[in-house]
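A quick write-up on the structure given underneath.
Protein chains in written order, with my numbering: chain A, 247 to 469; chain B, 5 to 412.
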């Protein structure tokens, strides 16, 4: 697939070109690349936040181009969990309310049991004692753990992490990644991590590099 | 169905959380709505109270719509005999199945008070008069069906009369003597509040009871006594009945006699006499509400722009465009309903305050309660304003591009 956008002078700007990627259940992928290489665009495409201008994305073998807007939203909410570099927690809400948020979009019993499910999830990431804390009272590591709990609370099959340790120190970043890996493994979810950090990239079983919009396998890991 | 329920409940929860977190901003923005709803409700309530008070005052004097008055004159201009009039009247009531009808007469009767005999104006009526003219008794009760047959006639007196008797307990069946050749003992069964213009004692008595005792009592022969005949009928039938009653009385009274049947109630002309007032009140109320709504739209738009990132984050967790639209709308509606409730409560406090009530319902003894429809209108207006004010921000929220919003 490819992704092109129009520039001010109407000349097309190719962001992704001929990307061919399969993500299976339980996969651990890392994608590295320079700034502007198209990493975030790829993540947005995988998370159904964006659509390719060429080619096709299949989700569970179904071509997503045929999905209605609502279908894309529902699929994303049910099967995809996002983790952002800047955590993107909802300000003013407690950790518990943040983790409960995705469950508000569930239509089943999880909606009605959202408090107990979110509490259990926060306990699982070691924040059972910070349920009532708002983001401004949490450390960076704690905020990212809340973000992880929020991303995984609906049991997604695909976790997309955009620089998950980018705003954390090395030690905290490692513990966050270990936690992410542990929870993803427990739920057999695929984890796609975009990172600048070779050490974080090395944790994945399949590693890729984006160069000028082209995705290439990346075996060389500098530690 | 299950999805709809969770979507609705979820939207309300989101809206409430948003309001709770931004309560200071919300509070400030909603003051305008609360004041607007308060103004709307108060204007409507005060208008309704004033209208109701006017209607009731009118109905007390001229009867309820449609009240038909019958009057007749013989060829020489004198009043026909009471016997002929009563006979024709009673036949008409039976023929047309009229349930609410009364003869009304005035008489001057001498009453023996503790401090001497006083001449008191007595209104002679039939039992349905109380309902027809909305007569309210502050103590005791209105005449019963069997009161005309009592050996001691029943009286309903005004406050002044009652006070001159020493305000006795009505449950002890206090009596008063009607002076005459053969004094008659009458029983007080009820007391009415004196009108603001009344300064003398007055009383009401049933026509049939008076007729049985008339020759025993001292009356003022010089006092003009022209009985009037009135009936309360459905407005839709009033025109037809007017024609028929005119024909009936003219035929009964004989050659040269003239019978007139007319309406004197406030709705006699067919139009709603309060329509112009209602239109003015409604116009003012709508303008006030529009001003409040404009303020809310303004603040809501600014707020949504501040919340673009949050909307993007919610979209990344599966919030559909419809859901975001509904949540932003609900936020506005929930907020305005809360403001509406506050506005209505404030309005009740204002309208029912003794100062305002005294000013608006001056001279009216029976002030109507706070009109429920005004409160319902206020709340409904709050919901509509909330929905309208939420529409524009909701459209803006839905148009947000998720990727751009998250990075906003």
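Backbone N, C-alpha and C define an ideal beta-carbon position, used for all residues, glycine too.
The model shown is predicted, which means the values in this text are computed figures rather than measured ones.
- It is roughly 39 Å from the alpha-carbon of residue 373 of chain A to the alpha-carbon of residue 261 of chain A.
- Contact with chain B is found for residue 334 of chain A, since one of that chain's Cβ atoms lies less than 7 Å from the residue's Cβ.
- The DSSP-derived three-state label of residue 263 of chain A is coil.
- Only residues of its own chain outside the window of five on either side were considered, and among them 344, 345, 347, 348 have a CB closer than 7 Å to the CB of residue 396 of chain A, listed in chain order.
- A direct Cα-to-Cα measurement between residue 31 of chain B and residue 347 of chain B gives close to 13 Å.
- The beta-carbon of residue 328 of chain B is placed no less than 7 Å from the nearest beta-carbon of chain A.
- Closer than 7 Å to the CB of residue 315 of chain B there is not a single CB belonging to chain A.
- At least one CB of chain A lies nearer than 7 Å to the CB of residue 320 of chain B.
- The beta carbons of residue 439 of chain A and residue 281 of chain A sit no closer together than 7 Å.
- About 6 Å separates the CB atoms of residue 108 of chain B and residue 234 of chain B; that is less than 8 Å, so the two are in contact.
- Exclusion of the five residues before and after residue 163 of chain B leaves 195, 197, 198 as the residues of its chain whose Cβ lies within less than 7 Å of its Cβ.
- Unbroken beta strand (DSSP E) runs of no fewer than 3 residues, entirely contained in the stretch 104-157 of chain B, are found at 104-117, 120-129, 141-144, following chain order.
- Counting only Cβ-Cβ distances below 7 Å, residue 344 of chain B has no contacts in chain A at all, with the closest Cβ about 25 Å away.
- Sorting B:154, B:170, B:253 by C-alpha distance to the C-alpha of residue 211 of chain B places B:154 at the top.
- Between the alpha carbons of residue 248 of chain B and residue 92 of chain B lies a distance of about 12 Å.
- Apart from the 5 residues on each side of it in sequence, residue 290 of chain A sits with its Cβ closer than 8 Å to the Cβ of 296 in its chain, given in chain order.
- Within chain A, the C-beta atoms nearer than 7 Å to that of residue 406 of chain B come from 295, in chain order.
- Within the stretch 200-283 of chain B, the alpha helix (DSSP H) runs of at least 4 residues that lie entirely inside it are, in chain order, 211-217, 239-257.
- Note that the C-beta distance between residue 351 of chain B and residue 42 of chain B is below 7 Å.
- Per DSSP, residue 463 of chain A lies in no alpha helix (DSSP H); the unbroken beta strand (DSSP E) holding it starts and ends at 460-463.
- One thing to note: residue 382 of chain B has its Cβ no nearer than 7 Å to the Cβ of residue 37 of chain B.
- Taking a 10 Å sphere around the C-beta of residue 390 of chain A, we find 16 or more other C-beta atoms and assign the residue as buried.
- Between residue 398 of chain B and residue 329 of chain B, the C-beta spacing is below 7 Å.
- Residue 275 of chain A has A:438, A:452 as its beta-bridge partners, per DSSP.
- In the structure shown, residue 170 of chain B adopts coil according to DSSP, grouped into three states.
- Linking residue 23 of chain B to residue 293 of chain A through their CA atoms gives a straight-line distance of about 30 Å.
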